[in-house]
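Letter by letter, the sequence shown follows residues 136 to 1008 in our numbering. Heads up, the beta-carbon is just placed ideally off N, CA and C, and yes, glycines get one too. To start, the structure under review is shown below, and the notes come after it.
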Amino acid sequence: MTFLRTAVCLLLLGQAALAQRLISGVPFRFTIPAQSQAATVTGLSVVVPPGSIRLTIDLKADVPSNTLFLWARFDREITVDGGLVTASDYSAQVQGSGTQQLVITPANDVPLQTGTYHLAIGVATFNSPISGTLTATVQGGGTGGTFVISTFERDSEDWGRNYPGSLLPGASPGGDQTSALVRSNTGGAPGGYLQMTDDGGPFQADNQDFAVAPGKFLGNLGALPNARLDFDYQRFVGPPATFPLRLVVIGTDSAFQWVSSDPPEGGWNHFRIDLNTNTLKRAAGTAPLGTVLSNVQRIELSMDQAFGGMREVNGLDNFALSSDLPPPPPATQPVPAVPVLSTFDNGCDDWTRNYPPAGIPGSTVGDGGSNVSCPLGQGKSGGSLDGGLVLAEAGGDADDYFVAPAKFLGNIGAIPFPRLEFDYRHIPLNGPGGVASLVVRLLGAGSSYIWQGAPPGALGQWQHFAVPLGQAFFIRESGTATFAQVLAAVTRLEISADQIETAETDVLDNVRLFSAAAPPVQPQLQFSPAILTFTAPGDGSSPAPQSLRITSSGDSSSDAGGPLNWTAQLDPNAPWLTLSQTTGITPTVITVTANAAGLAARTYSAVLTVTAIGASNSPQSFTISLTVLPPPTAQPRLDGVVNAASFRGPLAAGTLASAFGINFGGTAAGESTGFLPNTTDLPRIFRGVRVVLRDGGTELGSCPLLFLKNDQINFQLNYEVASRSAVQIVVENNGVQSAPLTVTLASNAPGLFTYGSNNHAAVQNQDYSLNGSNNAALRGSTIIAYLTGPGVVAPDVATGHAAPNSPLSSVPSSSSATIGGVGARVAFLGLTPGFVGLVQANIEVAAGTPIGEQLLFLSVGSQSANAAIVSIK
136 MTFLRTAVCL LLLGQAALAQ RLISGVPFRF TIPAQSQAAT VTGLSVVVPP GSIRLTIDLK
196 ADVPSNTLFL WARFDREITV DGGLVTASDY SAQVQGSGTQ QLVITPANDV PLQTGTYHLA
256 IGVATFNSPI SGTLTATVQG GGTGGTFVIS TFERDSEDWG RNYPGSLLPG ASPGGDQTSA
316 LVRSNTGGAP GGYLQMTDDG GPFQADNQDF AVAPGKFLGN LGALPNARLD FDYQRFVGPP
376 ATFPLRLVVI GTDSAFQWVS SDPPEGGWNH FRIDLNTNTL KRAAGTAPLG TVLSNVQRIE
436 LSMDQAFGGM REVNGLDNFA LSSDLPPPPP ATQPVPAVPV LSTFDNGCDD WTRNYPPAGI
496 PGSTVGDGGS NVSCPLGQGK SGGSLDGGLV LAEAGGDADD YFVAPAKFLG NIGAIPFPRL
556 EFDYRHIPLN GPGGVASLVV RLLGAGSSYI WQGAPPGALG QWQHFAVPLG QAFFIRESGT
616 ATFAQVLAAV TRLEISADQI ETAETDVLDN VRLFSAAAPP VQPQLQFSPA ILTFTAPGDG
676 SSPAPQSLRI TSSGDSSSDA GGPLNWTAQL DPNAPWLTLS QTTGITPTVI TVTANAAGLA
736 ARTYSAVLTV TAIGASNSPQ SFTISLTVLP PPTAQPRLDG VVNAASFRGP LAAGTLASAF
796 GINFGGTAAG ESTGFLPNTT DLPRIFRGVR VVLRDGGTEL GSCPLLFLKN DQINFQLNYE
856 VASRSAVQIV VENNGVQSAP LTVTLASNAP GLFTYGSNNH AAVQNQDYSL NGSNNAALRG
916 STIIAYLTGP GVVAPDVATG HAAPNSPLSS VPSSSSATIG GVGARVAFLG LTPGFVGLVQ
976 ANIEVAAGTP IGEQLLFLSV GSQSANAAIV SIK
């Protein structure tokens, strides 16, 4: 919806009004002349005094069908550009409604602050005058406290930096011109944050960057009791921090500073600086701290924590000025004459509800349309003479509460082991639905505390509640007084009567305040199981979710505090873990889900912390672990095993062999193994892969490995199989084995190594150069041909071990060779020193050998090797 701001559109008692400050709780009447297009009325405001805890803004048209919208913004006018509201902190825009409401508390994303809130009304009903009321109600308030904060959820909130510098004594001289201070939308603690970026350069003493606070944080801070500054700070990018954080408060020609004990670390860190002489130390000038605080003119925070040269990014969030609200002066409070009882058999016994507003700090305000009554026949026993306190809830947005009369108030702390009990009945008018926890609120000493119990039954049954009035069972909701101070001066007691979002009826009966015989027994949180363990298969899928039961020892006993409201917090470093719910009431069964997608194979752990007000063992933590297994290994398939030189069978003991197939576990390019550290032995297992020798179901051992590829393994066949005629070979990849393949064995199975594409033998000439068509061997010279698979050698060399230089190990079997059909004497046939399974044949080239490319034939025992070409000249 687009709203155009009109020049003069708000008329009050016939007069144009461009600026109107509302008085808390007093309805402001307005009339907007007929508009031919959408319009936005600005210039309205309300002041929120220090210590306020709630601002409620109600906009109501006299004709409900008129469409109005409502905006609010702290400290600055709502801006409209080109007919569009471009800047506001809050908005209420229920389409088609003439009733809008904004509720602002310290719990909002942009929290309630001390100062002026600017308001605007949007009009979307045309050609007819619109009249109505605008009411701003401030709860709490006084002169003793303040709350001003920059959360950066909407914009940078007028924060600046120290460029150019300030002339105030003690101010930084000026930051880097090229640095930048901007607001980031995400990544804060939480939401938006203020980001300082320094792109580096040599660090100089006069160009450290600082963030400078806006005017709302300045002025007479000395009037605030126990004033303090809180903020969150994080280093995002940059070298390790060298400098500690420094916050400077400047005023009256003097400056005081706070310096952190250590440079800031990564992650969001929270800092609190008390504005007193214990924390702030003089940085410039001679005025005392009290004088400086009475006229604060500038606040700076360092955001440049390392020497220059590298890019640096730091963040600031949730910068807050706050102070304590002093408890009221001691006063004698009446002690309730216990037991105090309200049965409602003779009327409402002075019980009321939370409407109209009471003006007591921390008190709630219910729906105007709700109604409270005390008819007979509505009490717990159900008899005609039994009364009950009945609140017919109108179904509006405000929360309704029963409010106790004066006889329940006063110095409850003087009662030994005070306890409140009552019967409660919840009747939903539109069928059962989600029911909220029952709440009891105690107010006094400018503060409020709440107890949260189990939800009342959703089907209209009676339920008994017992509330021990002890500090362990209550949580502070507002103010700064201790629970003991509140209990000694209770000025209001509220019991919730609004448990669902729609209309309902709630009945209260037999309310009793009394002194218990003994202190309340605090319940304990209990979990089943105590530890959760997940295992993911490693194929990208996640394990099945598991259930966690959260119970309390008081679930079945009101004397032990009854059921507990619990809140669960997961380890922020475990994004792989989720809960089906993070809040609830015992007993509860929640679902815990571990998501293994994208996680590497290892074990992950996280801590789940559960907190419950009233539990003696709260908070309670336990560990959840997730083990992601490596991806499952596909079964290897072995297609064939051949001599690594001739690529044929059979094989002989000690042969260098090649196995071919798929799913061998290596990479696509392949990888050589090398010797084991400090040895000349090849590994028998590499990357979890083995070549296993078997005889039926019996494993004979593993073969030494030279090379591993996903579809090929080069290995040495063990000398220990020399006496066998066949052996089974299995490839094992990380425990998964292929089907066995039977390989035929022979005493001798030589194979010549070749290179290139023309079947040229891997031969060295007499000068150890590689024989080739351009580097032929001379007739009468000796060449060295390389092969594998001639069989056993003497002396023996251990399987997988490199052959020694001395003594040389030779092949005892007979051998012969021809080159170009001419006999060639084999002068030596044996293992090549320094290599595993590699055999060399030193062959004398006869003088009558033909010149050119000739075939070399080599036989060992009765077996011939593959023919290969040598070059002769």
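Judged by DSSP secondary structure, Leu786 falls outside any alpha helix (DSSP H); it is assigned neither H nor E. Setting aside the 5 residues that flank it on each side, Asp365 is surrounded in the same chain by His405, Phe406, Arg407, Ile408, Asn453, Phe454, Ala455, Ser457, each with a C-beta closer than 8 Å to its C-beta; the list follows chain order. The C-alpha of Ile666 lies about 17 Å from the C-alpha of Val763. Comparing alpha-carbon positions, the option among Ala920, Val957, Phe810 lying closest to Gly969 turns out to be Phe810.
If only uninterrupted beta strand (DSSP E) runs of at least 3 residues are considered, those enclosed by the stretch 281-308 are 282-285. Per the coordinates, the alpha-carbon of Asn430 lies some 21 Å from the alpha-carbon of Ser285. Under the three-state reduction of DSSP output, Thr202 falls in the coil class, being neither helix nor strand. Ala861 places its beta carbon less than 8 Å from that of Thr879. Taking a contact to require three or more Cβ pairs closer than 8 Å, the stretch 702-710 and the stretch 738-750 qualify as touching. The continuous stretches of beta strand (DSSP E) do not include Leu852, and DSSP gives it neither H nor E.
Residue pairing from DSSP leaves Pro590 without any beta-bridge partner. By the Cβ neighbour-count rule, Gly689 is buried, with 16 or more other Cβ atoms within 10 Å of its own. Distance from the CA of Asp641 to the CA of Glu528, rounded to the nearest whole angstrom, comes to 8 Å. Per DSSP, Leu524 is one residue of the beta strand (DSSP E) stretching across 524-528. Here Ile562 carries a strand assignment [DSSP, helix/strand/coil]. Membership of Leu622 in the alpha helix (DSSP H) is indicated by the continuous run 618-622. Here Leu428 is not near Leu451, since their CB atoms are 8 Å or more apart. Contact check between the stretch 973-990 and the stretch 916-924: three or more CB pairs, one atom from each, fall below 8 Å, which counts as touching. Here the stretch 471-482 makes no contact with the stretch 366-377; the two share fewer than three CB pairs at distances below 8 Å. In the structure shown, Thr917 falls within a strand segment according to DSSP collapsed to helix, strand and coil. Leu428: member of the alpha helix (DSSP H) spanning 424-428, first to last residue. Approximately 6 Å separates the beta-carbon atoms of Phe649 and Arg554; this is inside 8 Å, confirming the contact.
By DSSP's assignment, Gln330 forms a beta bridge with Val317, Gly450. Taking 8 Å as the cut-off, the Cβ atoms of Thr686 and Thr637 do not count as close.
DSSP places Gly401 in the strand class (E or B) of the three-state scheme. Rounded to whole angstroms, the separation of the alpha carbons of Ala653 and Phe352 is 50 Å.
For Ser892, there is no enclosing beta strand (DSSP E), since its DSSP letter is neither H nor E. Straight across, the Cα-Cα distance linking His253 with Leu734 is about 50 Å. Exclusion of the five residues before and after Arg684 leaves Ser663, Val724 as the residues of its chain whose Cβ lies within less than 6 Å of its Cβ.
The three-state reading of DSSP puts Ala632 in coil, since its state is none of H, G, I, E or B.
Per the Cβ contact rule, the stretch 612-631 is in contact with the stretch 573-588 (3 or more Cβ pairs under 8 Å). Under DSSP, Gly354 takes part in a beta bridge, and its partners are Val431. Apart from the 5 residues on each side of it in sequence, Ser950 sits with its Cβ closer than 6 Å to the Cβ of Val961, Leu964, Val995 in its chain, given in chain order. Counting other Cβ atoms within 10 Å of its Cβ, Val229 stays below 16 and is therefore classed as exposed.
Fewer than three beta-carbon pairs drawn from the stretch 887-894 and the stretch 748-762 are found closer than 8 Å, and the two stretches are therefore not classed as touching. The beta carbon of Leu415 lies closer than 7 Å to those of Val384, Phe391, Gln392, Trp393, Leu424 in the same chain, with the five residues before and after it left out.
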